[in-house]
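Residue numbers (this note's numbering), protein chains in the order written: chain A, 17 to 351; chain B, 17 to 351.
Note that beta-carbon positions come from the ideal geometry of N, C-alpha and C, so glycine has one too.
What you are looking at is a predicted structure, and each value in this text was computed from that prediction instead of being measured.
There are 2 protein chains.
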Amino acid sequence: MSDDRGRRPRMADIAREANVNRITVSRALSRPELVAKDTLKRIEAAIARSGYIPNQAARGMKTERSRIVSLAAPAQMSGVYGAISELLTEALHRDGLIINHFPLTDSIAQREAAMREMAGWCPAVIVIMSSVLTGPMREMLRVARTPFVELLSYDPDSLGSCVGFNNQQAARMLTEHLVSRGYQRITYAHSANPLNALNVTRLEGFTDAIDAAPGVEGRELRVAPSYADGARLIETLLADDKLPDALLCASDMVAVGALEACRRLGIDVPGRLAICAVDGTELTDVAHPSITSLDFPLERVAEVGAEEIRRLAAHPDSNLRRVEVEASVRPGETT
Amino acid sequence: MSDDRGRRPRMADIAREANVNRITVSRALSRPELVAKDTLKRIEAAIARSGYIPNQAARGMKTERSRIVSLAAPAQMSGVYGAISELLTEALHRDGLIINHFPLTDSIAQREAAMREMAGWCPAVIVIMSSVLTGPMREMLRVARTPFVELLSYDPDSLGSCVGFNNQQAARMLTEHLVSRGYQRITYAHSANPLNALNVTRLEGFTDAIDAAPGVEGRELRVAPSYADGARLIETLLADDKLPDALLCASDMVAVGALEACRRLGIDVPGRLAICAVDGTELTDVAHPSITSLDFPLERVAEVGAEEIRRLAAHPDSNLRRVEVEASVRPGETT
DNA sequence: CTGAAAGCGCTTACAG
DNA sequence: CTGAAAGCGCTTACAG
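Shown next, in the form of structure tokens:
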């Protein structure tokens, strides 16, 4: 029945079978109301018979407009990036937009290469979570003329649209919360990745709060975002006799891992050590004891973000939009 | 400096600036060793000056070979799908493969439409996690002539390559574990999604084990894969006075949510209720008490899967490979 | 309502 | 070492 001679059917094959010109097949697909009823029927039958699937690359080449949305984000899926990426992928899929996923590495050269890749596919929109933009990256975005959306961090000077919260302020509030509860030696555990935009602004917020609190000693520590590294962190601090009063974790996974290690090692939380997480995913709520963290509407970031992406995909030349969502401290049982 | 007249630079623009033919520019990009040194230098200078980025769609159209890998998976990123997808995305990105992400919905029609979309982009490989394949989907895969990889479930009759474990056996082993510990009324809480392949085979395994255990009463219950629904499940069962002896959870998130609800409601685990999870992500280990679950090498599935995808992308006509990874019960403190 | 012509941006042989 | 010709699979005006 179907053409089995080694290649997938093309529009020309359908046209031949249905006894029409390729143009008519194209029209039957894109504007069927302009095609005579029985012509349409013949074409549809031929399509069904052959299993024809239009080549999206060829289509996009002509229309100069793709339905691809390129999403660059840190690879970790168990935390806030996974949560947003899940909501975003679902929402955009409903609008017929295809998500191209680019993991962000720790190398500037690789991030720039990834940006080049992204731009090379002529996506409708480029979305970035939590990456610092280098000069070449900005230049590529400019030359590619692709609408650009930053998620998670609110930045009034963003190169494109953005939907997020003020991360500097958020880290400051959480630190102030710890100070107000009387903790004097506070350690901020974070990835220390200078390419992670959230990281950079959050560190500033932490430092601000420490500087403003006389007598409070602040430290920072590098830790990879995983349960295991959170647990290991506590073990190391304990072994070195360097356990602080309070631990502020940039990653929810680190907070959960640290909490579990404390339970195992008999460290009283929050009596001996307070634990506080910045991302505030569902995980911190489900933990026991529940972890003090940031209260910000993840769902709203994804929702408004999806809306903005959809809008820019439809109207690439429309104005940018910058949306700041509110964040506050959600006190849990660990502080 | 750069061309600012409303469109991104094309190869022809570079050719003009460098005083060569477009072909030479193309060659400079793909096989620079065939181009004279100073010609190359002129071309590279023009590319740098203009910020030229080759159009991947146009390139792929000619080469008939794209570097896209289409990945269809349930949207939930906090569980096993997120973990695999993270590892896979990173590994494939290192090989220069681009991941197109398609969330699986609960509607057959939508899944088939998604499959059509996927095939339309002429990906190098199509990867599916945990979806039943309908007749039309199989037909599309056949016509598209795209190599196909199934992950997570080992199926000797898979249409393509597969890397996974025997889910029927796994669910049976976990249920037998519960039976051997003396639990008599066992409830299997799962998404009840008939389109989820893992779900279907796991349910069979559960039923097998119950049928083989005289005097043991098995039930099944529908629950969405989230922390909140896991917690709600316990609340409902308690309110209806239908709490079983043991709960087998298809989703790790449900297990963690249920565990937390038990703690909150004063239900003794494992004394009054045993909890057991099937996916066995890191989450079950980090929970407290640690949750009995499946021990299977997630990383190996991702690693071998990535290898197989890479191989099929390079040699689309090579033989299929079916790899079964072993799984066993990892006893925790909840049974 | 349908089709002949031209072209999207690139690459693949082939000729020189 | 470089280029003129043809074509990948589709669509966009335009003409009839």
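Assigned exposure category for residue i - 16 Cβ within 10 Å defines buried
i, result
"A135(B)", "buried"
"L281(A)", "exposed"
"G246(A)", "buried"
"H193(B)", "buried"
"P210(A)", "exposed"
"V36(A)", "buried"
"S82(B)", "buried"
"L87(A)", "buried"
"N215(B)", "buried"
"E33(B)", "buried"
"E49(B)", "exposed"
"D20(B)", "Any reading at D20(B) must be qualified, since the residue scores a pLDDT of 45, below 50, and its modelled position is unreliable; the value itself is stated next. The residue in question, D20(B), is exposed, as its Cβ has fewer than 16 Cβ neighbours within 10 Å."
"G334(A)", "Residue identity check: residue 334(A) is Ser in the sequence provided, not Gly. Exposed: under 16 other Cβ atoms inside 10 Å."
"A28(A)", "exposed"
"A62(B)", "buried"
"H331(A)", "exposed"
"I84(A)", "buried"
"G180(B)", "buried"
"P260(B)", "buried"
"I352(B)", "Any answer about residue 352(B) is impossible in this case: the structure gives chain B only from 17 up to 351."
"E166(B)", "buried"
"A343(A)", "buried"
"S267(B)", "buried"
"A228(B)", "exposed"
"D284(B)", "exposed"
"T79(A)", "exposed"
"G348(A)", "buried"
Beta-ladder partner(s) of residue i, from DSSP
i, result
"M134(A)", "According to DSSP, M134(A) bridges with nothing at all."
"M145(A)", "L167(A)"
"L120(B)", "P90(B)"
"V179(A)", "L167(A) and V339(A)"
"A244(A)", "Partner(s): none; A244(A) has no beta bridge."
"C265(A)", "A205(A) and A293(A)"
"I115(A)", "V85(A) and H117(B)"
Residue span of the beta strand (DSSP E) that contains residue i, given as start and end
i, result
"D311(B)", "S309 to D311"
"R15(A)", "Residue 15(A) is absent from the structure shown; chain A starts at 17 and stops at 351."
Limits of the alpha helix (DSSP H) - the one that residue i falls within
i, result
"I325(A)", "L314 to A330"
"G234(B)", "Unbroken run through G234(B) is the beta strand (DSSP E), E233 to R238; no alpha helix (DSSP H)."
"P90(B)", "It is not in any alpha helix (DSSP H) - P90(B) instead sits in the beta strand (DSSP E) that spans I84 to P90."
"G221(B)", "A213 to D227"
"A44(B)", "R38 to S46"
"R154(B)", "G151 to A160"
"Q72(A)", "Q72 to T79"
"I100(A)", "V96 to R110"
"I30(A)", "M27 to A34"
"V302(A)", "E298 to V302"
"E60(A)", "K53 to S66"
Proximal residues of chain A, C-beta to C-beta of residue i below 8 Å
i, result
"G352(B)", "Since the first residue shown for chain B is 17 and the last is 351, residue 352(B) is missing from the structure and cannot be characterised."
Contact list for residue i against chain B, beta-carbon separation under 9 Å
i, result
"E355(A)", "Outside the shown range of chain A (17 to 351) lies residue 355(A), about which nothing can therefore be said."
"Y243(A)", "E298, L299, D301 and V302"
"E106(A)", "A91, P119 and T121"
Chain B contact residues for residue i, given Cβ-Cβ distances below 7 Å
i, result
"E276(A)", "V302 and H304"
"I114(A)", "N116 and E133"
"R279(A)", "H304"
Contact list for residue i against chain A, beta-carbon separation under 7 Å
i, result
"R161(B)", "R24"
Listed by chain order, chain B residues near residue i by CB distance under 8 Å
i, result
"R316(A)", "The contacting residues do not exist; R316(A) stays about 17 Å from chain B at best."
* Compile a chain-ordered list of the residues in the region 134-159 of chain A whose CB is closer than 8 Å to at least one CB of chain B. => Answer in chain order: A135, G136, W137, C138, E155, M156, R158 and V159.
* Asked: Between the region 51-78 of chain B and chain A, which residues of the former have a C-beta closer than 9 Å to a C-beta of the latter?
  -> Against chain A - using a Cβ distance shorter than 9 Å - the residues of the region 51-78 of chain B are S66, G67, Y68, I69, P70, N71, Q72, A73, A74, R75, G76 and M77.
* For the region 322-339 of chain A, which residues have a CB atom closer than 9 Å to at least one CB atom of chain B, in sequence order? -> If the cut-off is 9 Å between Cβ atoms, the region 322-339 of chain A has nothing near chain B.
* Members of the region 187-210 of chain A that neighbour chain B once the beta carbon cut-off is set at 9 Å -> Against chain B - using a Cβ distance shorter than 9 Å - the region 187-210 of chain A contributes no residues.
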